[in-house]
Amino acid sequence: MSSLEKLLQTSNNRVDKFNAPLNHKDSPQISFPRPYHPHLTPAPSVLRLHCLAKDRLLSWRPASLTPETADSVPLAPETIQRITNVIGASWTDATKELYGTSLLVYHVFCDMNGIPDSSRCPISSDLLSAFLASCAGSHSGSTLANYAAGIRAWHIVHRCRWDINEKEYKAILEGATRLAPASSKRPCRAPFMTDILELLHSMLDRNNPRDTAIYACLVVTFYCVARLGEFTVSSIQSFDPTKHIS
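Start counting the sequence shown at -14; every next residue gets the next number (my numbering).
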């Protein structure tokens, strides 16, 4: 093989290592978004088209994409989109759905208060504090923390500045936790003990594959001291054999 052929082969191998098709492991189910709740409907905008909650993080665009640094190099639109897709893959569909709800609440708040799109991202400390303070007293502190995390993730995925007064932000969340309504806290419940497992075992048919699977799931979850959601899926449509137990 000549030197030129070796060079071409090496060059081709290098090219193959760039811009490979992105494998979206989170289930690409074909579904349509539900109508907005009457009390949680954003103003129509080309920046925020109606889509699934899990798609809002990537699909809902800031009015102006401001790079994090002034010396950023010019990038082609397809390169920017690829960066966005790769960053977006760092969150699971469940997390993106949670953050999508956060974005919806945030933009409805901005619509109600006449906040222009240009001021929504990058968000200012004053606007973030005003948003969280308006939600305090109606939601739990963890809900407000999720709202803020969703807005921050939106900034990250679209490469916009996140210049927030962290001390004020922390104090707002602590205050919101103290002001959380009693309805946001679940009452204490009796612990799940082995006698409950025994009762369920007596009610299930060991010769029925479904009952056997249910009991096995309960036992494993119990002795792993895990949350049931870590061993189950919310619906059969969201089942992914590459990551879910079967």
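All C-beta atoms in this analysis are idealised placements derived from N, C-alpha and C, irrespective of residue type, glycine included. Note that the structure is predicted; figures quoted are calculated from it, not measured.
Whether residue i touches residue j by CB criterion (8 Å)
i      : j      : result
Ala161 : Gly135 : no
Val204 : Phe216 : no
Tyr264 : Leu42  : Outside the displayed span of the chain (-14 to 231) sits residue 264, for which this structure offers no information.
Ile72  : Ile141 : yes
Leu89  : Pro29  : no
Ser87  : Asn150 : no
Leu185 : Tyr208 : no
Val93  : Leu37  : no
Ala138 : Leu129 : no
Pro107 : Arg144 : no
Lys39  : Asp78  : yes
Glu153 : Ser114 : yes
Collapsed DSSP secondary structure at residue i in the structure displayed
i      : result
Ala61  : coil
His22  : coil
Ser12  : The pLDDT assigned to Ser12 is 48, lower than 50, so where the model puts this residue is not dependable, and the model offers no usable value.
Ala5   : coil
Ala121 : strand
Thr179 : helix
His35  : coil
Ala48  : coil
Ser169 : helix
Ser219 : coil
Leu189 : coil
Close-in-space but distant-in-sequence residues of the same chain around residue i (CB under 7 Å, 5 per side omitted)
i      : result
Ser49  : Ser103
Asp190 : Asp196
Leu32  : Trp45, Arg46, Ala48, Asp102
Leu34  : Ser44
Ala118 : Ile157
Asp148 : Pro107
Arg19  : none
Extent of the continuous alpha helix (DSSP H) run through residue i
i      : result
Pro226 : Premise fails: Pro226 is in no alpha helix (DSSP H) and is neither H nor E.
Lys152 : 151 to 163
Pro194 : 194 to 208
Ala134 : 126 to 142
Arg41  : 41 to 44
Cβ shell of residue i (< 6 Å), same chain only, five flanking positions each side left out
i      : result
Ser220 : none
Asn192 : none
Phe237 : Since the first residue of the chain shown is -14 and the last is 231, residue 237 is not available in this structure.
8 Å CB neighbourhood of residue i in its chain, flanking five on each side removed
i      : result
Glu67  : According to the sequence provided, residue 67 is Arg. The question's Glu does not apply to it. For Arg67, where only same-chain residues beyond five positions count, the Cβ hits under 8 Å are Asn4, Leu7.
Leu164 : Ala121, Gly122
His229 : Val218
Tyr91  : Arg105, Phe116, Tyr132, Gly135, Ile136
* Runs of alpha helix (DSSP H) lying entirely within the segment 56 to 118, each at least 4 residues, in chain order -> Positions of the alpha helix (DSSP H) runs, each at least 4 residues long and wholly inside the segment 56 to 118, are given as 62 to 73, 78 to 97, 102 to 105 in order along the chain.
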